[in-house]
Amino acid sequence: MQRVQYLLLMFMASVAILYWRRYRSRTADLLFLILFCVLGALFILFPERSTWLANLVGVGRGADLLLYTLFCVTFLVLSRHKAKIEDAEERIAKLVRHLALMEAPDASSAWTSGDATPPSARTTGLPERLLDD
Amino acid sequence: MTGGDIIATPSIWVIIPAFNESSVIAEVVHNLQLLQDVCILVVDDGSEDATYEKARSAGALVCRHIVNIGQGAALQTGFEYALNHGAEVLVTFDADGQHFHGDLPHVIGPILRNECDVVLGSRFLGADSVAGIPIGRYYLLKIAVFIWRNLLGLKITDIHNGFRAFSKSAASNLKLRNSRMYHATEILEYIGRRRLHMIEVPVHIHYSAYSLSKGQSYGDFLVLGLDHLLNFFRQR
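Each protein sequence line maps, in turn, to chains A and X.
Quick note on numbering: the numbering used here labels position 6 of the first sequence as 7, and the sequence is numbered without any gaps.
Quick note on numbering: the numbering used here labels position 207 of the second sequence as 262, and the sequence is numbered without any gaps.
As structure tokens, this is what we get:
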């Protein structure tokens with residue numbers, strides 16, 4: 002296994018773990034952003050140096066390294082989007098729940114008015130039927 | 056309803072999250088009404104059919120989500136409603152007819168006797184509980200259970216059974232964040248994290264063409280498995 006393979010796999014695994022189920026880490030976001038800005042700037046300023054970096058991690062050409070990096074960036078961006086969407090869904094759920102609870106009938110009134118079937122009343126102790134075990 | 060004596064009776068609530076179950080919901084509700092002592096709450100999770108109307112006319116209390124947000128969210132809504140009304144034992148029950156109302160006394164028994172905080176129904180404990188289960192689903196569940204038992208240390212046989220009972224304290228501290236089917240994972244994590252006392256009891260699962268078509272697809276199970284795994288890493 003080349004070094005680059007380790008690096009890329011570790012990267013993808015850490016992104017998956019960090020962003021799965023909308024756990025969004027501000028720190029991770031910032032770190033990744035800085036990392037890619039720096040790498041991007043370096044690639045632009047010193048394109049010939051990309052080959053050196055590529056060889057360092059076990060890749061033949063700089064262009065190939067760039068391709069792999071782009072793949073990782075895509076994965077990261079998609080993971081963040083997924084996290085954001087899940088966040089939004091959680092907020093929608095809270096809203097829908099609030100509305101549902103606001104509009105829901107009060108149980109006692111519904112039972113008294115006959116809108117819903119009341120549980121039969123027992124006078125004392127545990128309901129016998131449910132103790133038959 | 057008579058007056059002050061009611062306080063001695065523990066308030067038992069059955070919460071039924073339902074999405075597009077108009078064909079069976081009335082029957083499910085009526086069966087539970089045979090038990091008489093339970094408060095029945097159907098949470099209509101944005102159904103597009105007549106689930107809400109059918110549940111109401113069957114005599115259940117019904118909460119309604121205006122859009123579909125998922126079974127986990129429906130359970131959470133049901134819990135909050137029930138707890139607001141003084142529930143002491145909260146039971147979750149499927150709306151599609153898979154669960155058998157006759158199992159309910161066995162599921163809530165341990166909680167009524169203060170033996171534990173949470174009771175989980177298991178289809179794998181009884182001899183004939185798995186009649187008719189599709190082979191693929193059986194093995195997928197077994198694999199997931201293996202992961203949970205060995206990696207996560209939770210002694211469990213059925214990780215995805217909607218028939219559960221919670222004590223009042225167990226239910227009030229549970230805040231389900233995941234709307235969709237990952238709530239099953241969340242519940243197990245919650246039990247593990249808080250070291251709640253959990254007991255499994257055998258329950259019967261009725262596999263009909265209808266309930267199977269409504270159930271999880273294999274793709275869902277794979278994603279669920281991945282979810283379990285990733286969550287395992289997050290705990291460490």
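Cβ coordinates follow ideal geometry from the N, Cα and C atoms, glycine included.
According to DSSP, is residue i helix, strand or coil?
{"i": "X/G133", "result": "helix"}
{"i": "X/V93", "result": "strand"}
{"i": "X/I62", "result": "With a pLDDT of 41 at X/I62, under the threshold of 50, the modelled position of this residue cannot be trusted, and the question is left open."}
{"i": "X/L175", "result": "strand"}
{"i": "X/A73", "result": "strand"}
{"i": "X/S112", "result": "helix"}
{"i": "X/V122", "result": "coil"}
{"i": "X/V79", "result": "coil"}
{"i": "A/D107", "result": "coil"}
{"i": "A/V78", "result": "helix"}
{"i": "X/V117", "result": "strand"}
{"i": "A/I93", "result": "helix"}
{"i": "A/V60", "result": "coil"}
{"i": "X/D99", "result": "strand"}
{"i": "X/P160", "result": "helix"}
{"i": "A/G41", "result": "helix"}
{"i": "X/L180", "result": "coil"}
{"i": "A/G115", "result": "coil"}
Residues bridged to residue i by DSSP?
{"i": "A/A17", "result": "In the DSSP output, where bridge partners are listed per residue, A/A17 has none listed."}
{"i": "X/V144", "result": "X/I67 and X/S222"}
{"i": "X/H35", "result": "The question about residue 35 of chain X has no answer, for chain X in this structure spans 56 to 291."}
According to the neighbour-count rule (16 or more other Cβ atoms, all chains shown, within 10 Å of its Cβ), is residue i buried or exposed?
{"i": "X/R178", "result": "buried"}
{"i": "A/N56", "result": "exposed"}
{"i": "A/M103", "result": "exposed"}
{"i": "A/C38", "result": "exposed"}
{"i": "X/L195", "result": "buried"}
{"i": "X/K223", "result": "buried"}
{"i": "A/L32", "result": "exposed"}
{"i": "X/K109", "result": "buried"}
{"i": "A/Y7", "result": "exposed"}
{"i": "A/L79", "result": "exposed"}
{"i": "A/R27", "result": "exposed"}
{"i": "X/M253", "result": "buried"}
{"i": "X/S102", "result": "buried"}
{"i": "A/T75", "result": "exposed"}
{"i": "X/A264", "result": "exposed"}
{"i": "A/W53", "result": "exposed"}
{"i": "A/L46", "result": "exposed"}
{"i": "X/E135", "result": "buried"}
{"i": "X/S266", "result": "buried"}
Between the options, which lies nearest to residue i when the distance is taken from Cα to Cα?
{"i": "X/N169", "options": "X/D100, X/A150, X/A105 and X/A225", "result": "X/A225"}
{"i": "X/L116", "options": "X/A199, X/G141 and X/V69", "result": "X/V69"}
{"i": "X/Q131", "options": "A/G63, A/G61, A/K85 and A/A101", "result": "A/A101"}
{"i": "X/D65", "options": "X/V162, X/A264 and X/L145", "result": "Sequence inspection shows Pro at residue 65 of chain X; the Asp mentioned does not correspond to that position. Checked all of X/V162, X/A264 and X/L145; the closest Cα to X/P65 is X/L145."}
{"i": "X/R250", "options": "X/I242, X/V256 and X/C94", "result": "X/I242"}
{"i": "X/A220", "options": "X/G114, X/C171 and X/Y107", "result": "X/C171"}
{"i": "A/V16", "options": "A/L36, A/A42 and A/C73", "result": "A/C73"}
{"i": "X/E255", "options": "X/G247, X/L175, X/D92 and X/F155", "result": "X/L175"}
- prompt: Mind pulling the alpha helix (DSSP H) runs of 4 or more residues that sit fully within the segment 201–273 of chain X?
  reply: 223–227, 238–248 and 264–269
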